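First comes the structure, then the notes that go with it.
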Amino acid sequence: MTRRSVIRGTGHYLPENVVENSWFESRLDTSDEWIRSRTGIERRHFAADGQTTSDLAIRAARAALDRAGMTPADIDGIILATSTPDFTFPAVATMVQSGLGMSRGFAYDVQAVCAGFVFALANADAMIRAGLGDRVLVIGAETFSRIMDWTDRGTCVLFGDGAGAVVLEAQEGAGTSDDRGILSCDLNSDGTHRELLYVDGGVSSTGTAGQLRMQGNLVFRHAVEKLAKTAHTALDKAGLTGSDVDWLVPHQANMRIITATAQKMGLPLDKVVLTVADHGNTSAASIPLALSVADGRGQFKPGQVLVTEAIGGGLSWGSVVLRW
Ligand code: ACO
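Numbering (my numbering), first residue to last: -19 to 304.
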């Protein structure tokens, strides 16, 4: 028998303030047409003044617990992926913990930028398999609007704020790819590409929060090359192939990257969960947001194979394969 981590519930929260592409037209030399055609993004949500990453995360966590039919008292730990924490410390996960009225179990943050949720999911799976908890909340939550350079048209039109969460629960499986739950993970980082995507401030360097800097076209090339590869590696580890995949749930950064990755995996677009048009790139929140939106629509059927993949600053990238 093998211990597996099964998704029992998903949830999300998006701030009320919806910003259409046209909002940028009066502020920057850009257009709705450019943003749509180059990225697939039509609108995004921005957190209100004073609304923090933990505020979004707590709402997403409550929604996931509701769908799982569980209460905070059922949860043994919280792992939260973010690059935009409320404070340098404590971890946002501990703020979610207290926000949910919990004072037991572990709670910590994972930082792998846009790949953060994939890393957190793999981390939670490893904790569950190691017997360190039976039920773990895994959250991706971001307020990237706080680290935008609003004069840089190459970045500020791309990102949005939001949070998504899943509840993982241990379940015994046979140890085959027919099991429900997480079947395999593939994680990678290559710090030599740091200058392609980074924030130009921080606690021990400038003492400021800094702003996001990106060489978009170079990140784009890495994404197209690395995402299909990591998905194939994870599928291979699970003993599956592209033809076994029912749903690709990709990081929602750019429609052109998503299309190219799906093509490389031999998947038609009707097997791809798409939220990029309405959410923009919400970094670590994008995959759990997409999972929750699709789950809410009843898109996933029991037994179906899902593949997630993401790449972000670091560079860091990876993929998780699971059976719903
Ligand atoms: N409006 C109008 N023109 C623009 C805009 C804009 N908002 N942004 C850039 N341009 C211009 C550029 O200035 C450039 O003009 P030039 O030719 O006169 O110099 C031209 O458009 C082409 O620029 P590119 O950067 O080559 O455009 P590209 O087609 O690559 O699209 C984009 C840019 C959308 C950023 C794309 O490269 C991309 O999506 N990259 C990947 C981003 C990503 O996936 N990040 C993932 C991780 S994010 C994270 O981890 C935080």
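Positions of the beta carbon are idealized from the N, C-alpha and C atoms, including for glycine. Values in this document were obtained by computation on a predicted structure and should not be read as measured data.
Taking the alpha-carbon positions, what's the residue 161 to residue 133 distance?
Counting from 1 along the sequence shown, the entry for residue 161 is found at position 181. Counting from 1 along the sequence shown, the entry for residue 133 is found at position 153. Distance between the alpha carbons of residue 161 and residue 133: 41 Å.
Which class does residue 22 belong to by DSSP, given the choice of helix, strand or coil?
Within the sequence shown, numbered from 1, the residue matching residue 22 stands at position 42. Coil.
Collapsed DSSP secondary structure at residue 130 in the structure displayed:
Position 150 of the sequence shown, counting from 1, holds the residue named residue 130. In this structure, residue 130 counts as coil in the three-state DSSP scheme.
Verify the contact flag: residue 133, CB atom, against every heavy atom of the ligand ACO, threshold strictly below 8 Å.
Taking the sequence shown and counting its residues from 1, the one referred to as residue 133 is at position 153. Checking every heavy atom of the ligand ACO against the Cβ of residue 133, one is found closer than 8 Å.
On a CA-only basis, which of 138, 117, 112 is nearest residue 123? Give me that one, please.
As a working mapping, residue 123 is identified with position 143 in the sequence shown. Taking only the C-alpha atoms, the option nearest residue 123 is 138.
Would DSSP call residue 203 helix, strand or coil?
Within the sequence shown, the letter at position 223 stands for residue 203. Of the three classes helix, strand and coil, the one that applies to residue 203 here is helix, per DSSP.
Close-in-space but distant-in-sequence residues of the same chain around residue 166 (CB under 6 Å, 5 per side omitted)
Counting from one through the sequence shown, the residue named residue 166 turns up at place 186. Result list for residue 166: 210, 213, 214, 298, 299, in chain order.
Can you tell me whether residue 70 is helix, strand or coil according to DSSP?
By one-based count along the sequence shown, residue 70 stands at place 90. Here residue 70 sits in coil by DSSP.
For the beta strand (DSSP E) containing residue 256, list its first residue and its last residue.
Counted from its first residue, the sequence shown places residue 256 at position 276. It is not in any beta strand (DSSP E) - residue 256 instead sits in the alpha helix (DSSP H) that spans 256 to 259.
Along the chain, which unbroken stretches of the beta strand (DSSP E) at least 3 residues long are found entirely within the region 41 to 95?
57 to 61, 86 to 90
Report whether the distance from the Cβ of residue 9 to the nearest heavy atom of the ligand ACO is below 8 Å.
Residue 9 sits at position 29 when you count from the first residue of the sequence shown. Flag set: Cβ of residue 9 near the ligand ACO.
Apply the 10 Å Cβ neighbour rule to residue 68 and answer buried if 16 or more other Cβ atoms are within range, or exposed otherwise.
For this step, residue 68 is matched to residue 88 along the sequence shown. Classification for residue 68: exposed.
Can you give the Cα-Cα distance for residue -11 and residue 204, rounded to whole angstroms?
Numbered from its first residue, the sequence shown carries residue -11 at position 9. Numbered from its first residue, the sequence shown carries residue 204 at position 224. Whole-angstrom Cα-Cα distance: 30 Å.
Would DSSP call residue 191 helix, strand or coil?
Here residue 191 is taken as the residue at index 211 of the sequence shown, counted from 1. Three-state DSSP puts residue 191 in coil, outside helix and strand.
Beta-carbon proximity list for residue -7, same chain, < 6 Å, skipping 5 on both sides
Indexing the sequence shown from 1 puts residue -7 at position 13. Once the five neighbours on either side are set aside, the close Cβ partners of residue -7 are 36, 39, 40, 143.
With a threshold of 16 other CB atoms inside 10 Å of the CB of residue 186, please say whether the residue is buried or exposed.
For this step, residue 186 is matched to residue 206 along the sequence shown. The residue in question, residue 186, is exposed, as its Cβ has fewer than 16 Cβ neighbours within 10 Å.
For chain C, check one thing: does any of its Cβ atoms lie closer than 9 Å to the Cβ of residue -6?
Absent from the structure: chain C. Only one protein chain is present.
For residue 137, which of helix, strand or coil comes out of DSSP?
To locate residue 137, count along the sequence shown from 1; it is residue 157. If DSSP states are grouped into helix, strand and coil, residue 137 belongs with coil.
What does the alpha-carbon distance come out to for the pair residue 30 and residue 75?
Numbered from its first residue, the sequence shown carries residue 30 at position 50. Numbered from its first residue, the sequence shown carries residue 75 at position 95. Taking the straight line from one Cα to the other gives about 15 Å.
Consider the C-beta atom of residue 194 and the heavy atoms of the ligand PLP; say whether any pair is separated by less than 8 Å.
Although the ligand PLP was asked about, the structure shown includes only the ligand ACO as ligands.
Selection from 264, 130, 247 that minimises the alpha carbon distance to residue 286
Translated into the one-based positions of the sequence shown, residue 286 becomes position 306. Nearest of 264, 130, 247 to residue 286, Cα basis: 247.
Buried or exposed: which applies to residue 206, given that a residue is buried once 16 or more other Cβ atoms fall within 10 Å of its Cβ?
Here the question's residue 206 lines up with position 226 in the sequence shown. It is buried - the Cβ of residue 206 has at least 16 other Cβ atoms within 10 Å.
To which residues of the same chain is residue 249 closer than 8 Å at the C-beta, ignoring the five residues directly before and after it?
Working through the sequence shown from its first residue, we reach residue 249 at position 269. Correct list, in chain order: 239, 242.
Residue 42 versus residue 7 - alpha carbon distance:
The residue you call residue 42 lines up with position 62 of the sequence shown. The residue you call residue 7 lines up with position 27 of the sequence shown. Taking the straight line joining both Cα atoms gives about 37 Å.
Would you decide whether residue 57 is buried or exposed? Buried here means 16 or more other CB atoms lie within 10 Å of its CB.
Locating residue 57 in the sequence shown gives position 77, counting from the first residue. Buried, because 16 or more other Cβ atoms sit within 10 Å of the Cβ of residue 57.
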